[in-house]
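In what follows, a structure is listed as structure tokens, so that the remarks can point back to it.
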């Protein structure tokens with residue numbers, strides 16, 4: 001099939017994920033729709049940079065792999081911006097460093113770009129639980145906590161406000177129109193697990209290009225590893241609080257109307273239905289029903305608390321973010 005050249009960017013930061021990184025690269029090399037290149041962007045870790053450079057030096061096995069250092073401040077957003085600037089593809093796809101893509105992942109992305117209005121295509125992310133199965137208390141409506149597709153997103157190939165960053169692609173011209181990912185919003189290594197940098201970018205993009213179409217195609221599947229530490233309620237609480245902080249930054253950047261548009265439907269429709277299912281399961285003596293209902297309520301309250309705190313901080317000027325311009329090679 002003919003289609004756009006796709007560069008794949010994988011941002012990495014720790015040797016603890018060495019085997020996961022190799023598996024992610026292998027899954028890109030096994031694609032039915034070959035990638036133009038894979039870029040491994042290393043976030044301020046010289047040891048990992050040198051080790052990966054040796055691993056992929058002069059490798060001729062499938063898709064070329066380029067290893068480079070994050071040229072910006074520490075964090076995921078600057079790493080992605082580094083990859084965008086160094087890439088050569090018409091489309092830039094992003095894959096988490098602890099995920100593997102199914103064989104037709106890039107093929108489904110490429111199909112979406114047959115429509116010239118399409119500026120971004122995302123996919124579906126399935127969890128691989130370290131314990132072997134989902135914890136009974138963990139609600140599917142909150143799978144975004146562990147970087148996965150959550151219950152409430154529409155099925156099929158559908159138009160959306162924003163794609164989800166660990167399994168997403170953008171046309172290069174999207175960055176020409178909107179700039180890069182904002183630093184100061186997303187993750188920074190092992191610090192507080194912030195997010196929403198892709199949400200903020202997508203809203204900026206549709207403001208810069210009102211005709212832009214953003215899609216999620218749930219056939220473009222990756223499988224994302226969930227470590228044991230993230231299967232516990234303590235992480236759930238920390239991550240939902242951080243999401244509230246992040247949403248406050250997004251609202252500051254693009255306005256609350258757009259910044260919270262999808263979240264209003266999620267909190268008024270999806271989550272109440274989840275609570276009702278949990279309570280029904282509890283009445284039927286099904287495992288985890290009460291826990292799931294309680295976790296949904298706790299997640300909403302914790303995220304709301306984070307949003308309030310984040311809003312106060314942004315008004316006081318205690319939190320800043322920067323939108324990067326993207327310069328570099330083009331396809």
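Residue numbers (the UniProt record's numbering): 1 to 331. C-beta atoms are modelled at their ideal positions from N, C-alpha and C, and glycine is treated no differently.
Of the candidates 117, 114, 306 and 94, 306 places its Cα closest to the Cα of residue 240. When DSSP reads this structure, residue 39 sits in a beta bridge with 9 and 66. When Cβ pairs closer than 8 Å are counted between the two stretches, the stretch 217-234 is seen to touch the stretch 104-118, the count reaching three or more. Only exposed fits residue 130, as fewer than 16 other CB atoms lie within 10 angstroms of its CB. Rounded to whole angstroms, the Cβ separation of residue 6 and residue 169 is 7 Å, and the two are in contact under 8 Å. Cβ-Cβ separation between residue 97 and residue 10: approximately 5 Å, consistent with a contact (criterion under 8 Å). Between residue 68 and residue 25, the CB-CB gap reaches or exceeds 7 Å. With respect to residue 122, residue 163 sits close: the two C-beta atoms are nearer than 7 Å. Rounded to the nearest whole angstrom, the C-alpha separation of residue 21 and residue 284 is 43 Å. Around the C-beta of residue 232, fewer than 16 other C-beta atoms lie within 10 Å, and the residue is accordingly described as exposed. Straight through space, the alpha carbons of residue 78 and residue 71 are spaced by roughly 7 Å. Spatial neighbours of residue 302 in its own chain (CB-CB distance under 8 Å, excluding positions within 5 residues in sequence) are listed in chain order as 237, 240, 241 and 244. By DSSP's assignment, residue 144 forms no beta bridge with any residue.
DSSP places residue 16 outside any alpha helix (DSSP H), giving it a letter other than H or E. In this structure, DSSP gives residue 208 a helical state, which the three-state scheme calls helix. Per the coordinates, the alpha-carbon of residue 263 lies some 10 Å from the alpha-carbon of residue 271.
Residue 123 carries a strand assignment under DSSP once its states are collapsed to helix, strand and coil. Shown here for residue 211: same chain residues with a beta carbon closer than 8 Å to its own, the five before and five after excluded, namely 117 in chain order. When 154, 215 and 140 are compared, the shortest CA-CA separation from residue 278 is found for 140. About 5 Å separates the beta carbon of residue 230 from that of residue 146, a gap short enough to meet the 8 Å contact definition. Counting the other CB atoms within 10 Å of its CB gives residue 180 a total of 16 or more, which places it among the buried residues.
Judged by their CB atoms, residue 127 and residue 8 are not nearer to each other than the 7 Å cut-off. Using a Cβ distance threshold of 7 Å, residue 110 and residue 3 count as a contacting pair. For residue 81, the enclosing alpha helix (DSSP H) starts and ends at 76-86. For residue 156, the number of other beta carbons within 10 angstroms of its own is below 16, and it is reported as exposed. Minimum Cα-Cα distance from residue 315 among the listed residues 274, 275, 248 and 138 corresponds to 248. Inter-residue distance for residue 171 and residue 289 is about 42 Å (C-alpha atoms, whole angstroms). Residue 92 has its alpha-carbon roughly 38 Å from the corresponding atom of residue 293.
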